[in-house]
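Please read the structure below before turning to the comments.
Protein chains in written order, with the numbering used here: chain A, 25 to 385; chain B, 25 to 385; chain C, 39 to 294; chain D, 39 to 294.
Dropping the structure here:
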């Protein structure tokens with residue numbers, strides 16, 4: 025329900041830079057995931073927005089108002105923590121009405137509001153339970169209701185699902201998305217799980233080393249990663265190193281592989297070609313390798329249900345080159361480990377990134 | 025390197041049946057996963073094979089030899105535990121050579137064997153580290169090497185990956201498969217993670233309530249689940265309840281949906297039709313619902329990278345009916361939440377199971 | 039999981055005997071009236087002693103004063119340490135362990151020579167509250183520390199702040215209620231320590247309950263046995279209280 | 039994380055003063071020779087006392103005997119309890135807490151009247167080893183329990199068994215080496231308890247180190263101060279030993 029603007033935010037601890045002059049803009053009612061490996065600064069950024077950490081430089085505006093100097097209690101932000109943070113001495117209902125209560129609302133108002141929110145998270149019948157009587161997933165639902173009870177301008181979720189079982193995690197993920205859509209609260213979610221980020225976000229902000237590498241919709245992040253780090257971190261990708269030549273890439277063994285026309289302006293530079301497993305098609309080797317294809321050996325085939333994922337070894341290319349190919353499990357019998365194959369793909373499928381470009385462009 | 029046969033194994037604790045007269049046969053060099061929800065008895069079965077638990081009835085044979093009365097130390101089985109179980113007062117090398125050492129091998133032999141095994145698990149350069157100096161994944165690799173050092177007839181893995189990060193879990197899973205193939209040790213792996221079981225096993229043994237429901241290859245388990253429990257537990261499936269009529273199933277709203285000809289012999293019985301999301305195709309609603317298709321609303325679309333998974337609501341069917349459909353992410357824009365659609369599928373896709381058949385057939 | 043080691047049972051049995059046999063003998067001896075007669079004479083003459091009630095009152099007062107010091111000084115200091123200065127934990131641990139490692143007798147021998155102060159303090163037994171606070175420190179510290187660790191104080195405080203509560207509100211509405219079992223436990227333990235303390239009171243010549251027990255023991259064996267029995271009962275009661283506060287909370291979830 | 043509460047610093051400061059000021063005063067008083075002169079006279083006459091060495095030896099012997107009992111009785115019993123009878127844990131916890139909740143003075147008053155036994159036991163101070171074992175129990179139990187919990191004894195034992203080792207081999211090669219720091223810690227703590235114990239020895243009329251300190255304190259103030267100083271130094275040394283064994287292991291990883 026409010027925009028969030030972080031401008032030039034940086035933070036160091038004992039000389040170690042955790043956030044390096046970072047800018048982030050969020051629209052109203054938007055859900056953004058801060059995604060990155062541990063130590064990338066994503067939690068620090070969230071805690072700066074929450075007010076638990078004071079940035080060394082930079083400002084945070086919420087709905088146009090500068091909140092940089094405000095203490096957490098004055099920021100009107102709801103927060104859900106990774107660890108179970110419910111007040112252990114209170115029932116679910118009392119936890120949820122804690123915010124309205126310290127704000128001095130009338131008790132009937134508090135209870136009404138808390139009841140509605142417990143309804144929203146599907147726990148109306150558990151209102152009188154204490155935290156230790158609820159499962160982890162239920163506790164996090166109550167924590168979500170409690171955070172929403174203060175009608176926050178911004179909702180901050182600090183890895184709220186990471187302590188939960190896989191099955192509960194999936195359910196609660198959908199629930200959070202639904203509730204965020206219904207309440208239209210601007211939301212920041214911190215996670216290290218790329219599947220979670222892709223599936224839940226309006227936009228994903230990929231972080232590494234205290235910097236924002238790319239902020240974009242899940243499908244752009246997946247299809248057009250801004251740099252090699254994002255390409256490696258998001259989803260699974262085969263990597264083929266080579267040199268750009270016109271609208272193609274030349275491998276170290278001389279093979280010319282077709283690529284997007286956009287490669288043309290990188291001509292002559294060292295590049296890496298990223299290929300998603302769903303774009304790679306295999307054929308059993310029948311003597312010759314057609315132009316635009318690569319010779320490979322099947323190293324391992326992993327049954328994943330509807331799909332079987334095949335890992336390929338590329339004997340003619342350097343060690344760090346590798347490819348994966350997904351295929352319907354019905355066809356997997358043709359590609360057992362050891363089988364010699366040729367791999368090919370549509371020329372628009374590869375995403376080519378210059379090796380020097382370590383930064384977001 | 026040895027067959028394993030469990031015959032009529034049962035175990036109760038204080039009147040509660042944990043294993044109910046269960047039979048399991050394993051071939052030489054086979055890798056079987058015991059898969060099931062917590063409390064299904066899978067760990068009890070593993071510990072009976074290991075000798076830590078004495079069964080109430082039944083026998084365990086390894087390589088044709090009855091080991092039921094043998095203590096664990098005499099069974100020649102290597103075991104890897106869920107919790108980090110390395111001896112904290114010993115280096116990686118000393119941990120691995122513990123087995124040969126208590127067996128009275130010459131010290132040079134012990135060290136040579138331990139070195140080879142640390143090589144095999146890729147930790148040759150960490151041989152002098154203590155457990156607390158290693159990561160969780162490294163510790164489990166050492167535990168694997170230690171279990172193999174006694175040249176076991178059977179390797180027993182008790183949720184060896186469940187304490188690890190998602191990324192490390194994937195790596196080590198492949199590693200375990202590779203090492204098992206190289207050493208050809210008959211292996212039992214206990215897990216509650218169905219993806220892990222499907223991807224690593226020669227055969228999967230699905231357990232629930234102390235019984236084996238189905239023992240089959242991953243692809244049979246996935247495509248032809250023996251009963252409703254297996255169908256729900258393995259992978260994601262839409263469920264349509266109805267009544268079998270000839271080679272089709274009649275829904276409660278009267279719609280007739282085509283199904284496999286095998287349904288014919290269940291004619292007249294209550295059945296559930298299971299549909300994998302990859303088999304369901306969607307079209308935007310254009311006025312009428314063609315025969316053999318279902319009207320539905322898109323409830324939620326989740327971006328999963330190459331695929332987008334759509335959850336459907338079926339307004340004309342009972343509450344517990346539901347469908348999912350996977351589609352290439354390129355086409356997902358046509359199926360936003362709220363969109364009315366028709367869902368259809370190839371008549372060989374659904375798997376139909378009679379509701380009364382709660383048991384493995 | 040199959041066999042309970044013989045050595046284990048032996049030690050357990052010996053330990054049980056060590057506590058139960060003397061207890062039974064003490065109880066029966068306290069009921070002995072000479073020449074094969076048994077009855078409550080010893081208890082009657084014990085209760086008739088004029089110095090029983092005063093010494094019991096002194097000990098109870100000292101116990102309550104020590105409990106108050108624990109709740110008003112130690113608990114807040116530990117909450118602040120956990121929240122704002124976790125680096126000071128080793129200092130706290132060290133201080134909390136000191137009274138136990140420095141022999142009480144060394145402390146009291148040094149102190150008795152040196153401590154001077156205004157008459158209103160040194161002249162009354164309440165002066166003992168200061169050393170008793172530190173004697174009780176290891177137990178009270180441990181009990182409160184376990185309680186604080188069980189509730190993830192930092193996250194609870196941050197959750198409260200993000201909901202708009204002040205630190206005072208959070209401590210009053212969340213932290214203290216959550217720590218109630220730990221605080222009650224620490225007070226019961228401190229009380230038990232004070233009730234049983236002999237060295238300080240004896241050397242500094244205050245007439246507490248423990249000193250009385252010793253005195254009686256020197257000259258009236260059966261009364262001493264009766265007093266021991268009563269003392270056992272009181273302290274076992276306190277112990278049961280600790281256990282039940284802990285368990286009741288874990289099961290009923292009043293504040294856990 | 040920003041401010042360390044004022045109350046916290048205050049309590050910390052007071053606690054520090056409470057320990058440091060008397061210590062400094064004790065040390066300076068022990069060096070006072072009257073009329074403004076300072077020197078080591080008190081230490082010299084203390085060391086010249088004929089009963090210093092015997093009482094120190096008695097205390098050290100008792101301390102060693104108690105340590106032996108801890109390692110030979112308590113540690114094996116606890117290992118077996120953890121492995122084969124985890125349900126008995128509450129019993130162990132209860133027994134380990136008893137000596138602290140039952141006031142020592144009540145115990146000794148009852149025991150001194152009742153305990154009879156063969157002369158070779160009751161006639162020597164070694165008789166004290168039995169009550170001292172139980173006095174040291176809470177500390178020793180806690181130290182060993184923490185050590186055992188840190189190593190997941192059950193899984194280690196099962197791992198050893200699956201590798202073909204006997205229970206004896208596992209305990210000798212894995213369990214005891216892994217518990218070494220915990221065992222050393224429990225012995226140092228027990229030793230400190232015995233060195234400082236006054237009540238039992240005094241009431242039962244044995245002349246231990248703690249009794250000597252009290253005796254000296256009654257009639258030779260500066261010597262008492264000197265003795266207190268020495269006692270502080272010895273016990274602080276033991277304490278540092280405990281800390282260093284713990285830390286050394288955590289960092290160098292000898293056996294953790």
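By construction, the Cβ of each residue, glycine as well, lies at the ideal position given by its N, Cα and C atoms.
If you're wondering where the values come from, they're calculated on a predicted model, not measured in any experiment.
Three-way DSSP call (helix, strand, coil) for residue i in this model
{"i": "residue 176/A", "result": "coil"}
{"i": "residue 297/C", "result": "Shown here, chain C extends from 39 to 294; a query on residue 297/C therefore has no answer."}
{"i": "residue 375/B", "result": "strand"}
{"i": "residue 38/A", "result": "coil"}
{"i": "residue 238/A", "result": "strand"}
{"i": "residue 154/A", "result": "coil"}
{"i": "residue 134/D", "result": "helix"}
{"i": "residue 95/B", "result": "coil"}
{"i": "residue 246/C", "result": "coil"}
{"i": "residue 99/D", "result": "helix"}
{"i": "residue 109/C", "result": "helix"}
{"i": "residue 80/B", "result": "coil"}
{"i": "residue 139/A", "result": "helix"}
{"i": "residue 313/D", "result": "The structure shown has nothing for residue 313/D, since chain D only spans 39 to 294."}
Residue(s) in a DSSP beta bridge with residue i
{"i": "residue 280/A", "result": "274/A"}
{"i": "residue 262/A", "result": "299/A"}
{"i": "residue 118/A", "result": "Note: residue 118/A sits in no beta bridge, so no partner."}
{"i": "residue 46/A", "result": "33/A"}
{"i": "residue 233/B", "result": "Per DSSP, none; premise fails for residue 233/B."}
{"i": "residue 90/B", "result": "85/B"}
{"i": "residue 368/B", "result": "305/B"}
{"i": "residue 352/A", "result": "331/A"}
{"i": "residue 119/D", "result": "Bridge partners of residue 119/D: none, in fact."}
{"i": "residue 57/A", "result": "213/A, 228/A"}
{"i": "residue 206/B", "result": "Paired residue(s): none; residue 206/B is not in a bridge."}
{"i": "residue 321/B", "result": "337/B, 364/B"}
Cβ pair residue i, residue j closer than 9 Å
{"i": "residue 167/B", "j": "residue 141/B", "result": "no"}
{"i": "residue 297/A", "j": "residue 352/A", "result": "no"}
{"i": "residue 238/D", "j": "residue 166/D", "result": "yes"}
{"i": "residue 258/B", "j": "residue 245/B", "result": "yes"}
{"i": "residue 253/C", "j": "residue 170/C", "result": "no"}
{"i": "residue 263/D", "j": "residue 68/D", "result": "yes"}
{"i": "residue 368/A", "j": "residue 304/A", "result": "yes"}
Residues in the segment 157 to 180 of chain B having any Cβ partner in chain D nearer than 9 Å: 157, 167, 170, 171, 173, 174, 176, 180
Near-chain A residues of the segment 324 to 338 of chain B (beta-carbon distance less than 7 Å), N- to C-terminal order: 324, 326, 327, 328, 329, 330
Contact the segment 338 to 349 of chain A vs the segment 259 to 271 of chain A: 3+ CB pairs below 8 Å: yes
The segment 357 to 366 of chain B contacting the segment 226 to 238 of chain A, beta-carbon criterion three pairs below 8 Å: no
At least three beta-carbon pairs within less than 8 Å, the segment 181 to 196 of chain C to the segment 113 to 128 of chain C: yes
Residues within the segment 98 to 123 of chain D neighbouring chain B, beta-carbon criterion of under 8 Å: none
Against chain C: residues of the segment 64 to 76 of chain A by CB proximity under 7 Å: 74, 76
Cβ-based contacts, 7 Å cut-off: residues of the segment 124 to 145 of chain A near chain C: 126, 127
Contact between the segment 193 to 208 of chain B and the segment 77 to 95 of chain B (3+ Cβ pairs under 8 Å): no
Touching by the beta-carbon criterion (3+ pairs, under 8 Å), the segment 275 to 291 of chain B and the segment 157 to 165 of chain A: no
Three CB pairs or more closer than 8 Å across the segment 176 to 188 of chain D and the segment 105 to 116 of chain D: yes
Cβ pair count under 8 Å reaching 3, the segment 174 to 188 of chain A against the segment 150 to 157 of chain A: no
Stretch-stretch touch, CB-based, cutoff 8 Å, three pairs: the segment 103 to 119 of chain A with the segment 194 to 214 of chain C: yes
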